[in-house]
Structures are given as structure tokens and as C-alpha cells.
Amino acid sequence: MGLDTMQKLQYGLAVLGLLISIYLTISHYTEAVPVYCPTVGVVDCGTVLSSPFATIFGIIPSSALGIVFFAVLIGLFYYKKIELGQYWAIIGFFTLFYFWWAEYTLGKICLYCTAIHLIVIALLIISFLYKEIE
Amino acid sequence: MDKRKIAIVVAIGILIVVLLVTSALGSGDNKLAAFDDVLASPSVLGALAVSNSTLAQIGIGSSGGSPQHVSAKSTLVLNGKPEILYVGAEYCPYCAAERWPVIIALMRFGTFSNLHYMTSSHTDVYPDTATFTFYNSTYQSSYITFVAREIVTNKFVNGTYPPLQTLNGTENSITTALNPSGSIPFIDFANKSTISGSTYSPQILQNMNWSQVAAQLAVQNSTTAQSILGSANLITAQICKATNNTPASVCSASYIKRIESFT
Chain V
14 MGLDTMQKLQ YGLAVLGLLI SIYLTISHYT EAVPVYCPTV GVVDCGTVLS SPFATIFGII
74 PSSALGIVFF AVLIGLFYYK KIELGQYWAI IGFFTLFYFW WAEYTLGKIC LYCTAIHLIV
134 IALLIISFLY KEIE
Chain E
49 MDKRKIAIVV AIGILIVVLL VTSALGSGDN KLAAFDDVLA SPSVLGALAV SNSTLAQIGI
109 GSSGGSPQHV SAKSTLVLNG KPEILYVGAE YCPYCAAERW PVIIALMRFG TFSNLHYMTS
169 SHTDVYPDTA TFTFYNSTYQ SSYITFVARE IVTNKFVNGT YPPLQTLNGT ENSITTALNP
229 SGSIPFIDFA NKSTISGSTY SPQILQNMNW SQVAAQLAVQ NSTTAQSILG SANLITAQIC
289 KATNNTPASV CSASYIKRIE SFT
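Chains as they are written, first to last, in our numbering: chain V, 14 to 147; chain E, 49 to 311.
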């Protein structure tokens with residue numbers, strides 16, 4: 014995989030993560046934008062997104078953290094701040110432990126959250142590969 | 049990558065996680081209600097399987113329960129075993145308190161599955177008391193049959209709590225005869241004895257989530273442990289009376305026999 018492909022992949026994943034975060038944040042504030050998610054077995058977006066873990070200090074939706082994370086990452090990619098992007102991805106990876114603990118505590122999984130977790134992990138891996146090849 | 053920068057980034061990452069966890073576990077009784085009907089975590093349930101040695105040290109603790117002896121001629125039996133009938137409601141803060149020692153006691157005679165978290169009513173006294181619901185849970189035991197009836201939910205809708213479970217004819221007869229005031233929680237130990245109301249105050253559980261209550265059970269001199277475990281021993285003694293002191297591993301304990309003798 015060349016640098017060019019990796020860059021496109023990074024942008025693509027970050028934009029996807031940003032869009033999902035925006036969608037979850039909007040649906041947090043208005044019922045006019047429902048969260049479409051099956052409730053089957055441990056998959057229950059409703060329980061996860063309405064739990065105490067879904068807001069920071071009861072005010073800011075956790076998905077807003079995602080907006081900040083991906084927006085900053087896209088900015089760092091744009092200005093070719095590769096090393097900073099790597100550090101930012103590491104910080105993002107650490108926050109996943111909190112969300113995994115939350116889902117374990119609730120005994121439920123949110124599909125959108127899982128998608129974002131996988132995107133963050135992928136971005137972290139790509140950032141290391143990118144640095145390696147560069 | 050610079051190792052010092054990595055260390056700083058890792059430290060920042062850990063700090064963010066700590067802040068997020070603090071935020072989630074922070075104050076706010078209404079946050080507990082978001083856990084209603086969530087499956088109880090294995091770690092919390094594990095803490096309720098209290099060791100015999102701890103229970104022996106607690107004894108009656110600071111339980112204020114006062115079981116009533118029943119002079120019924122026949123033992124209440126279901127499926128060939130003495131029946132322990134619990135009647136409560138999800139909104140009820142006293143039921144919320146009582147479920148903790150009931151579960152701990154019952155775990156000594158059998159196994160629960162599918163226990164879910166619940167909180168008592170947000171608009172009643174001792175609001176949002178962290179507890180469990182027996183609704184949809186399963187209990188298996190070789191010694192007793194546990195029947196739980198949560199009669200209404202904890203959601204106040206249009207001036208009332210919606211009904212959840214109903215008592216059958218036998219259960220209605222029992223509660224009419226042995227609990228005419230209709231107070232809840234009400235527990236009938238196979239028509240040998242009954243407990244009406246909670247055996248300790250729900251005040252003790254205020255501002256604590258399930259993990260915090262579970263953690264307090266390990267602190268023997270804590271008010272929580274003395275109240276809940278003391279009440280669990282009281283309830284265990286009543287169950288032992290119902291089962292003619294079976295199993296011996298539970299009912300032959302000197303502290304259980306002592307409690308049986310004065311209750």
C-alpha cells in the first residue's frame with residue numbers, strides 16, 4: 014500500500030468517523046433524527062446511547078468528543094502534521110478503553126460506537142505504517 | 049517517536065479516561081435510573097456471594113427486622129419444596145433496600161440468573177435507590193421455590209405506576225391473611241414466618257450505585273455491610289426454619305441457629 018493510498022484511506026476513515034459522530038450528536042439532541050439500530054441480543058444502541066456513559070458530566074454527548082477527535086485529525090492530515098496525527102490517534106485509542114468499559118458495564122453494544130472504535134484503531138495502525146514508510 | 053513525547057501522550061490519554069470514568073460515576077441520582085433493566089454485572093453479583101466467615105462475623109449486624117411467627121398448620125409448598133413468596137414493587141424504596149439481603153440470602157440456597165438492575169421511584173422517598181428487579185429473573189434451588197411478584201413498575205405514568213405482575217389466588221389468600229395491611233415488601237417463608245417492610249432503612253443506600261454498595265459489603269464495620277448482611281442473616285434464618293434447617297452447610301451455623309432462636 015503506497016503513501017498516497019494510505020493518505021486517502023486516512024481521510025476517508027476520518028470523514029466517516031466524523032459523519033457518524035455528527036449523526037449521533039444530532040440524534041442526541043432531537044428525536045426528529047432517530048438512531049436506526051437493531052435491538053438483538055447484546056446489540057442495543059438505545060441503552061448505550063441513553064446511559065450515563067453517553068454524556069460527559071451529564072451535559073455534553075460523548076459523540077461530540079468524536080466530532081472533535083475526527084475534525085482535529087482531518088486538520089492534522091491536511092497540514093501534513095504526521096507525528097502530531099500519530100499522537101492524537103494514540104490519545105483517541107486510549108479513550109476507547111472508557112467506551113469498552115461502558116459497554117461491558119451495560120452488557121450492551123452500540124453498533125455505531127463499534128464502527129467508530131474500529132475506525133480509530135484503523136487510523137492508529139495506518140498512522141504507524143505511514144510513518145514507517147515515510 | 050520520542051519516548052518522552054510518547055509518555056506524555058499516554059499520560060494524557062489515561063487522564064482523559066479517568067475524567068470520563070469520573071464523569072460517568074459522578075453524582076446524580078437520575079443517572080442510576082438509566083441502568084433500569086440493564087443486566088446486572090458479574091462483578092456486582094459476585095460481591096453478593098458473601099463468604100460464610102464474613103456473614104458469621106456480622107451476625108444480626110444492625111438489621112432492624114422483626115419476623116412474625118406464623119401459626120399456620122401447613123407449610124406452603126410449591127414444586128415439592130417450601131415456597132418463599134416475595135411481594136414487592138419496582139417503585140418501592142423499601143423493596144429496593146430489601147432485595148439486597150434477600151438476594152444474598154437466597155444465593156446461599158440456590159442460583160439466580162437474569163437479574164437486572166433497577167432503581168426505586170425518582171419521585172418517592174429515598175429516590176433512585178439502586179437495587180435489582182426480580183421481574184424476569186430466574187432462581188434455581190434444590191431446597192426452596194422462590195416466587196417473586198413485582199406488582200407495579202417504577203415509572204410514574206398519568207398519576208400511577210403501571211401494573212407488572214399479578215398474584216394468583218393462593219398468593220392473594222396468603223397476603224390477605226398474613227399481610228392484611230398490604231405493606232411491601234412482604235415475604236412469606238413457607239407459612240412459617242413472615243417479614244413485612246424493609247429490615248433496614250433505604251437511607252443507607254442513598255447516593256450509591258451498585259458497584260459502590262457491593263464494595264461496601266466487603267467493609268465489615270460499614271453501616272452498609274452491617275445492615276445488609278445482618279438482614280441477609282435474618283432472612284437466611286427464616287429460610288432455614290422453612291426448610292427444617294436444610295442444607296446443614298448453611299443452617300447448622302451457630303450464628304444462624306442463634307438468630308433462629310430469637311426470631
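All residues carry an ideal CB built from backbone N, CA and C; glycine is no exception.
Fill in: Where R156 (chain E) falls: helix, strand or coil (DSSP)
Of the three classes helix, strand and coil, the one that applies to R156 (chain E) here is coil, per DSSP.
Discussion item. By the DSSP assignment, the alpha helix (DSSP H) with H164 (chain E) in it spans what residues?
Written reply: No alpha helix (DSSP H) holds H164 (chain E); the beta strand (DSSP E) holding it covers 164 to 167.
Worksheet entry | S75 (chain E) burial status per 10 Å Cβ neighbour count (16 or more: buried) | Unreliable placement is indicated for S75 (chain E), whose pLDDT of 42 sits below 50; the coordinate value is still reported in the next sentence. Exposed.
Practice prompt. Closer than 7 Å by beta-carbon distance: list the chain V residues that pair up with K121 (chain E), in chain order.
Written response: The premise fails here: K121 (chain E) is roughly 46 Å from chain V at the closest Cβ pair, so nothing lies under 7 Å.
Worksheet item: Which residues, in chain order, does the region 274 to 302 of chain E contribute to contact with chain V at a C-beta distance below 9 Å?
Response: Going along the region 274 to 302 of chain E in chain order, one finds no residue with a Cβ nearer than 9 Å to chain V.
Worksheet item: Which residues mark the beginning and the end of the alpha helix (DSSP H) in which L124 (chain E) is found?
Response: Unbroken run through L124 (chain E): none, as it is neither H nor E.
Worksheet item: Which class does G136 (chain E) belong to by DSSP, given the choice of helix, strand or coil?
Response: DSSP places G136 (chain E) in the strand class (E or B) of the three-state scheme.
Worksheet entry | Closer than 9 Å to chain E by CB, S75 (chain V) | Yes, because at least one Cβ of chain E sits closer than 9 Å to the Cβ of S75 (chain V).
Item to complete: With DSSP as the reference, label Y313 (chain E) as helix, strand or coil.
Response: With chain E covering 49 to 311 only, the question about residue 313 (chain E) has no answer from this structure.
Discussion item. In whole angstroms, give me the CA-to-CA distance for M166 (chain E) and I33 (chain V).
Written reply: Taking the Cα positions, M166 (chain E) is about 31 Å away from I33 (chain V).
Worksheet item: The beta strand (DSSP E) with Q188 (chain E) in it runs from where to where?
Response: Note, Q188 (chain E): beta strand (DSSP E), 186 to 189.
Discussion item. Please report the straight-line C-alpha distance between I304 (chain E) and G107 (chain E), rounded to a whole angstrom.
Written reply: Spanning the alpha carbons of I304 (chain E) and G107 (chain E) requires a straight line of approximately 8 Å.
Discussion item. Quick test of your reading: C140 (chain E) and I232 (chain E), contact by CB under 8 Å. State the CB separation rounded to the nearest angstrom.
Written reply: Yes, C140 (chain E) and I232 (chain E) are in contact; Cβ-Cβ is about 5 Å, under 8 Å.
Discussion item. Is the beta carbon of H170 (chain E) closer than 9 Å to that of Y183 (chain E)?
Written reply: No, Cβ-Cβ distance for Y183 (chain E) and H170 (chain E) is not below 9 Å.
Fill in: Span of the beta strand (DSSP E) around I235 (chain E)
Taken as a continuous stretch (DSSP letters only), the beta strand (DSSP E) holding I235 (chain E) covers 234 to 237.
Worksheet item: Would you call D236 (chain E) buried or exposed, if buried means 16 or more other Cβ atoms sit within 10 Å of its Cβ?
Response: Burial call: buried.
Practice prompt. Using beta-carbon positions only, say whether I252 (chain E) and T272 (chain E) come within less than 9 Å of one another.
Written response: For the 9 Å CB-CB criterion, I252 (chain E) and T272 (chain E) form a contact.
Fill in: Where L87 (chain E) meets chain V, residues with beta-carbon distance less than 7 Å
Those are G120, listed as they occur along chain V.
Discussion item. Just to make sure I have the definition right: I need the residues of chain A whose C-beta is within less than 8 Å of the C-beta of V65 (chain E). Which are they?
Written reply: No chain A appears in the structure shown, which is made up of the protein chains V and E.
Fill in: Whole-number beta carbon distance between T311 (chain E) and I192 (chain E), since they are thought to touch under 8 Å
In this structure I192 (chain E) does not touch T311 (chain E) by the C-beta definition: roughly 18 Å separates them, more than the 8 Å allowed.
Discussion item. Let me confirm a value: H130 (chain V) is counted as buried when at least 16 other C-beta atoms fall within 10 Å, else exposed. Which label applies?
Written reply: Using a 10 angstroms sphere on the CB of H130 (chain V), the tally of other CB atoms reaches 16 or more, which defines it as buried.
Fill in: Complete beta strand (DSSP E) runs within the region 262 to 289 of chain E (minimum length 3 residues, chain order)
Here no run is fully enclosed.
Worksheet item: Three or more beta-carbon pairs under 8 Å between the region 118 to 129 of chain E and the region 196 to 206 of chain E, yes or no?
Response: Flag = no, the region 118 to 129 of chain E and the region 196 to 206 of chain E do not touch.
Discussion item. Do L226 (chain E) and Q116 (chain E) count as a contact pair if the criterion is CB distance below 9 Å?
Written reply: Taking 9 Å as the Cβ cut-off, Q116 (chain E) and L226 (chain E) qualify as a contacting pair.
Discussion item. Once DSSP output is grouped into helix, strand and coil, what is the label at Q116 (chain E)?
Written reply: Strand, per DSSP.
Worksheet item: Taking the alpha-carbon positions, what's the I64 (chain E) to T108 (chain V) distance?
Response: One Cα belongs to I64 (chain E), the other to T108 (chain V), and the distance between them is close to 7 Å.
Worksheet item: Given a threshold of 16 other Cβ atoms within 10 Å of its Cβ, counted over all protein chains shown, does L16 (chain V) qualify as buried or as exposed?
Response: L16 (chain V) comes out exposed.
Worksheet item: Between S34 (chain V) and chain E, is there a C-beta pair that is closer than 9 Å?
Response: Taking Cβ atoms only, chain E never reaches closer than 9 Å to S34 (chain V), which makes this a no.
Discussion item. Just checking: is the beta-carbon of T68 (chain V) within a distance shorter than 9 Å of some beta-carbon in chain E?
Written reply: True, the Cβ-Cβ gap to chain E drops below 9 Å.
Fill in: For K21 (chain V), the three-state DSSP class (helix, strand or coil)
Under the three-state reduction of DSSP, K21 (chain V) is assigned to helix.
Discussion item. Alpha carbons only, please: which of V:Y42, V:L29, V:L97 is nearest the one belonging to V57 (chain E)?
Written reply: Checking every option, the nearest Cα to that of V57 (chain E) belongs to V:L97.
Discussion item. So S40 (chain V) contacts chain E; which residues on that side make the cut at Cβ distance below 7 Å?
Written reply: Result: empty, since nearest Cβ-Cβ is about 16 Å, beyond 7 Å.
Fill in: chain V contact for S71 (chain E) (CB, 9 Å cutoff)
So, interface residue.
Fill in: A301 (chain E) (DSSP reduced to helix, strand or coil)
In the three-state DSSP reduction, A301 (chain E) falls in the coil class, being neither helix nor strand.
Discussion item. Is the separation between the beta-carbon of I95 (chain V) and that of A27 (chain V) shorter than 9 Å?
Written reply: No, Cβ-Cβ distance for I95 (chain V) and A27 (chain V) is not below 9 Å.
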